[in-house]
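Following: one structure in structure tokens, then a few remarks.
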Amino acid sequence: MSSAATIYGVSELELDRVAVTYPGATPVAALRPLSLRINTGEMVGVVGRSGSGKSTLLNVLGLLDRPTGGHYLVQGLDTGTLPELALTSLRASCFGFVFQAFHLLADRTALENAALGLIYRGEPERTRREVAGWALERVGLSNRLQSLPAALSGGERQRVAIARALAQRPRVLLCDEPTGNLDRQNADQVIELLRGLHGEGLTVLIATHDEQIAASMSRVLSIDDGQVIDSWRPAWEMPR
Amino acid sequence: MPVSRYRLRDALREAITNVARSPLRTLLTSLGALLAVGTVVVILGLGDSAAGAVSGAFNQLRATTVTFSEQGTGKPAITEASEQALDRLHGVIDAGLVWTLNDGALYDVSRLGPLYHTAGASSTLQVVMVSARGLRTVGAAVANGRLFDTGMDASHQPVALLGSEAASGLGITSVAGSPAIYIAGQRFTVIGIVRAAPLEPATLAGIIVPVGAAIDLPDHGGGSRQLIVHTQSGAAQLIASQGPDAIDPYNPSRISAAAPIDPSQLRNQVSSQLTTLLLVIALVTMLVGVVSIANVTLLSVIQRRAEIGLRRSIGAAPHHIALMIVSETTLVGVIGGVIGTSGGVLITALVCALKGWAPAIEPTITLAAPLAGALSGLLAGAYPAWRASSVTPISALQR
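Which chain is which? The protein sequence lines are A and B, in order. Mapping of the first sequence onto our numbering: position 235 corresponds to residue 235, and the numbering continues sequentially without gaps. Mapping of the second sequence onto our numbering: position 134 corresponds to residue 134, and the numbering continues sequentially without gaps.
Spelled out as structure tokens, the structure:
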């Protein structure tokens with residue numbers, strides 16, 4: 001598996017003066033014109049206070065939201081020209097999402113939740129179960145395959161959500177406040193898991209208001225009022 | 001780059017999972033279709049059963065009876081000879097003369113008491129003249145004694161039959177001892193008490209005398225003569241048209257025939273009138289079922305916004321979401337249709353058992369009703385599916 005250092009310099013995601021403005025009586029500039037590159041294999045923390053634009057940035061990067069200005073390229077492909085179905089396909093193949101609220105289906109088991117995204121790949125059920133089982137094993141939940149979310153702790157639920165994202169074999173993992181609903185112990189476990197996945201070659205972006213978590217990233221973007229106001233690389237080592 | 005897709009098999013599997021793991025929501029959602037389909041099955045089943053019962057009752061008796069009567073004055077055309085004339089017509093089982101004497105006016109009737117020459121009860125009663133064959137034709141049956149026969153009739157024997165009501169009024173409960181009655185002063189021997197005369201139930205309230213004995217009664221010439229004909233099933237209409245010529249070939253227009261409505265025509269008339277009404281009711285109830293499913297599903301879509309947003313974020317296209325919703329509502333419609341059909345059949349059978357009808361449910365209804373439930377579910381899911389497909393992932397996940 002290539003280390004992150006060997007693949008730096010290859011632009012995975014490129015924002016070229018991307019802006020997001022929500023219309024209304026008073027238009028809201030959620031993202032001001034922003035140019036940014038995320039390289040393959042990076043682990044990037046996006047920090048900022050609530051309402052600073054962190055989630056908007058991740059939504060644009062994950063193709064959940066279309067920018068109202070500028071260009072957004074995914075592996076060199078201009079996403080602005082893509083129709084809705086192509087955008088959906090690109091999103092499913094490239095990006096995995098981890099949300100603060102977990103967003104698990106309450107009446108599905110951990111295995112079924114982890115396999116959910118594979119339904120839209122047209123994968124047979126048997127394959128979905130195998131891949132989902134592998135993903136849950138990777139996040140340390142091989143003994144909770146048949147558990148419903150109500151029987152899981154907060155940290156376990158978030159790990160199921162991570163497994164759901166992993167099962168789709170994304171190139172980029174976008175995490176919006178993944179530890180926002182977790183206690184410190186579970187939060188540390190989740191961050192450690194994400195760092196481990198990054199070590200296996202996954203590009204990871206984490207939006208967080210927690211400076212301590214951001215400090216463990218390879219690069220940190222500080223965002224406020226819809227624009228990146230600072231960017232730095234903390235002292236950081238690859239996990240062994 | 002793999003293209004986002006959602007196989008129909010997966011849509012159905014997910015629909016089954018969603019339905020099975022939310023039984024209460026499924027039941028509430030299917031209630032509309034369940035009640036609609038059940039109502040339609042009951043309406044159609046009871047309609048068919050009732051029509052069958054009506055036509056069956058009709059077939060039993062009235063559909064095989066033709067009554068000829070004569071109009072105008074002059075020499076009577078309907079006589080005992082007319083009975084033989086009708087025998088030549090194909091389809092005639094029996095024919096008999098029935099004649100209400102004196103235009104139905106009442107005669108003074110008294111009887112002898114238990115002791116000879118002791119005055120007994122008296123009354124005023126209607127007197128009907130019936131030929132021996134006529135007794136057979138109207139289906140007369142005695143509770144006590146016997147009917148008079150052709151020999152008694154031909155020999156003008158002064159015998160009489162009492163209808164059960166008349167016998168009760170005169171205090172005669174048995175013909176043992178040959179009780180006698182006086183009709184307008186003329187003595188008649190009571191030989192039987194009639195308990196039933198299905199084609200002429202009015203005779204039960206009066207006295208029945210043979211043709212030969214009626215001649216001795218005053219004012220026996222008045223009244224309308226009738227020839228009652230018992231026909232084979234389906235022959236009534238034909239005999240009604242041929243009878244006047246057989247009775248009075250020289251002046252058939254004097255003879256009028258009263259024939260029952262062809263039972264198949266009656267059934268068709270009833271059926272066609274009912275069918276239109278039932279179809280309207282069926283459509284209205286199905287519409288109610290569609291609206292009911294649509295309302296509950298729309299509420300479900302609102303509650304499942306986050307799930308829809310999640311599915312969109314992990315690869316579901318808008319039309320995949322629509323397919324998911326429509327699959328669920330169609331399945332719910334099928335479930336409601338099956339349960340409604342079963343319940344409708346059960347209720348129909350129960351009502352028929354209470355009514356004494358033979359249940360008549362078209363097999364096509366039991367097959368079509370669940371399909372109708374499916375169709376109602378499909379239609380009901382259209383608008384909620386459109387609403388669900390319009391949910392953007394970002395709007396759903398940020399709430």
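Positions of the beta carbon are idealized from the N, C-alpha and C atoms, including for glycine. Predicted model, so just to flag it, every value in this text is computed and none were measured.
In the three-state reduction of the DSSP assignment, isoleucine 207 (chain B) falls in the strand class, which pools E and B. The three-state secondary structure of glutamate 137 (chain A), taken from DSSP, is helix. Separation of the CB atoms of valine 41 (chain B) and valine 345 (chain B) is rounded to 6 Å, and the pair is thereby assigned contact status at 8 Å. Going by DSSP, glycine 145 (chain B) is part of the beta strand (DSSP E) stretching over 141-145. When C-beta distances to chain B are compared with 7 Å, the residues of the stretch 102-113 of chain A below that value are His103, Leu105 and Asp107, in chain order. With a 10 Å radius around the Cβ and a threshold of 16 neighbouring Cβ atoms, proline 210 (chain B) comes out buried. For the options B:Trp357, B:Pro384 and B:Ile339, the alpha carbon positioned closest to that of leucine 371 (chain B) is the one of B:Ile339. By the neighbour-count criterion, in which a residue is buried when 16 or more other Cβ atoms sit within 10 angstroms of its Cβ, isoleucine 223 (chain A) is buried. Chain-ordered, the chain B residues with CB closer than 7 Å to the CB of serine 89 (chain A) read Met1, Pro2, Val3 and Ser4. By the neighbour-count definition (other C-beta atoms within 10 Å, threshold 16), leucine 227 (chain B) is a buried residue. Around alanine 151 (chain A), the same chain offers no residue with a beta carbon nearer than 6 Å, after the five sequence neighbours per side are excluded.
Within chain A, the C-beta atoms nearer than 7 Å to that of leucine 310 (chain B) come from His103, in chain order.
Annotation: Cβ neighbours of glutamate 307 (chain B) in chain A (cutoff 7 Å, chain order): Leu105.
Among the bridge pairs identified by DSSP, arginine 49 (chain A) is matched with none. Inter-segment contact for the stretch 198-209 of chain A and the stretch 224-233 of chain A is absent: fewer than three beta-carbon pairs are separated by less than 8 Å. If you draw a straight line from the Cα of isoleucine 93 (chain B) to the Cα of alanine 140 (chain B), it comes to about 15 Å. Scanning chain A for C-beta atoms nearer than 7 Å to the C-beta of arginine 25 (chain B) yields nothing, as the closest lies near 10 Å away. Close to alanine 92 (chain A), with beta-carbon spacing below 7 Å, are these residues of chain B in chain order: Ser4, Ile314 and Gly315. Arginine 225 (chain B) sits in a strand when the DSSP states are folded into three classes.
Pairing leucine 173 (chain A) with valine 98 (chain A) gives a Cβ-Cβ distance under 8 Å.
Within chain A, the residues placing a beta-carbon under 7 Å from that of arginine 7 (chain B) are Gly122, ordered along the chain. Approximately 6 Å separates the beta-carbon atoms of glycine 163 (chain B) and glycine 206 (chain B); this is inside 8 Å, confirming the contact.
The beta-carbon of aspartate 10 (chain B) is placed less than 8 Å from the nearest beta-carbon of chain A. Nearest C-alpha to valine 296 (chain B) among B:Pro23, B:Thr29 and B:Leu354: B:Thr29.
Annotation: histidine 320 (chain B) to tyrosine 6 (chain B) spans about 6 Å, alpha carbon to alpha carbon.
The beta carbon of threonine 67 (chain B) sits closer than 6 Å to those of Gln226, Ile228 and Ala258, all from its chain and outside the five residues before and after it, given in chain order.
Here alanine 374 (chain B) is buried, its C-beta having at least 16 other C-beta atoms within 10 Å. By the criterion of at least three beta-carbon pairs nearer than 8 Å, the stretch 307-315 of chain B is not in contact with the stretch 361-371 of chain B.
Shown here, tyrosine 120 (chain A) sits in a helix according to DSSP, grouped into three states. Rounded to whole angstroms, glutamate 137 (chain A) and arginine 49 (chain A) show a C-alpha spacing of 34 Å.
Listed along chain A, no residue sits closer than 7 Å to leucine 378 (chain B) by beta-carbon distance, the nearest being about 22 Å off.
Within the same chain, and ignoring the five residues on either side of threonine 68 (chain A) in sequence, the residues whose Cβ sits closer than 7 Å to its Cβ are Ala19, Val20 and Thr21.
When Cβ-Cβ separations below 8 Å define contact, leucine 202 (chain A) makes no contact with chain B. For arginine 387 (chain B), no chain A residue has a C-beta closer than 9 Å to its own C-beta; the minimum C-beta separation is roughly 17 Å. Ranking B:Thr329, B:Pro218, B:Ile239 and B:Ala246 by CA distance to the CA of aspartate 103 (chain B) puts B:Pro218 first. When only Cα atoms are considered, leucine 8 (chain B) and glycine 234 (chain B) end up about 57 Å apart.
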